[in-house]
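Enquirer: This is the structure I want to talk about, given as structure tokens.
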């Protein structure tokens, strides 16, 4: 288990990614990342597409940044889920 203010675990395939309340969860190449702690998190070797689930407190928006540090996309206000291309993501802010 790795600590990102949360944990990671191998994913079970499902229509919507299961995600504990107050977490931002995403699946990247078969590994689920669950973020709980706010802050800027740098990620590496993320590519492919996968589901995400923003199950944080109502209205919280997660932001994703590219190599230059500029925001490239954001989730809608929690609770919300979807799918993303992880290749351009270099860092994220869960909240």
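Numbering (my numbering), first residue to last: -15 to 79.
We put the beta carbon where it would ideally sit given N, CA and C, even for glycine.
Just so you know, these numbers come straight off a predicted model, no measurement behind them.
Would you identify the three-state DSSP class for residue 77, choosing helix, strand or coil?
Expert: Of the three classes helix, strand and coil, the one that applies to residue 77 here is strand, per DSSP.
Enquirer: Are the beta-carbon atoms of residue 43 and residue 61 separated by less than 8 Å?
Expert: Going by C-beta atoms, residue 43 is nearer than 8 Å to residue 61.
Enquirer: Just to confirm my understanding: we take residue 37, look at its own chain, exclude 5 residues before and 5 after, and list those with CB closer than 7 Å. What are they?
Expert: Here the set comprises 0, 1, 3, 9, 65.
Enquirer: Could you spell out where the beta strand (DSSP E) holding residue 57 opens and where it closes?
Expert: Where residue 57 is concerned, the enclosing beta strand (DSSP E) stretches over 55 to 58.
Enquirer: Restricting to Cα atoms, I'd like to know which of 24, 32, 26 is closest to residue 15.
Expert: Taking only the C-alpha atoms, the option nearest residue 15 is 32.
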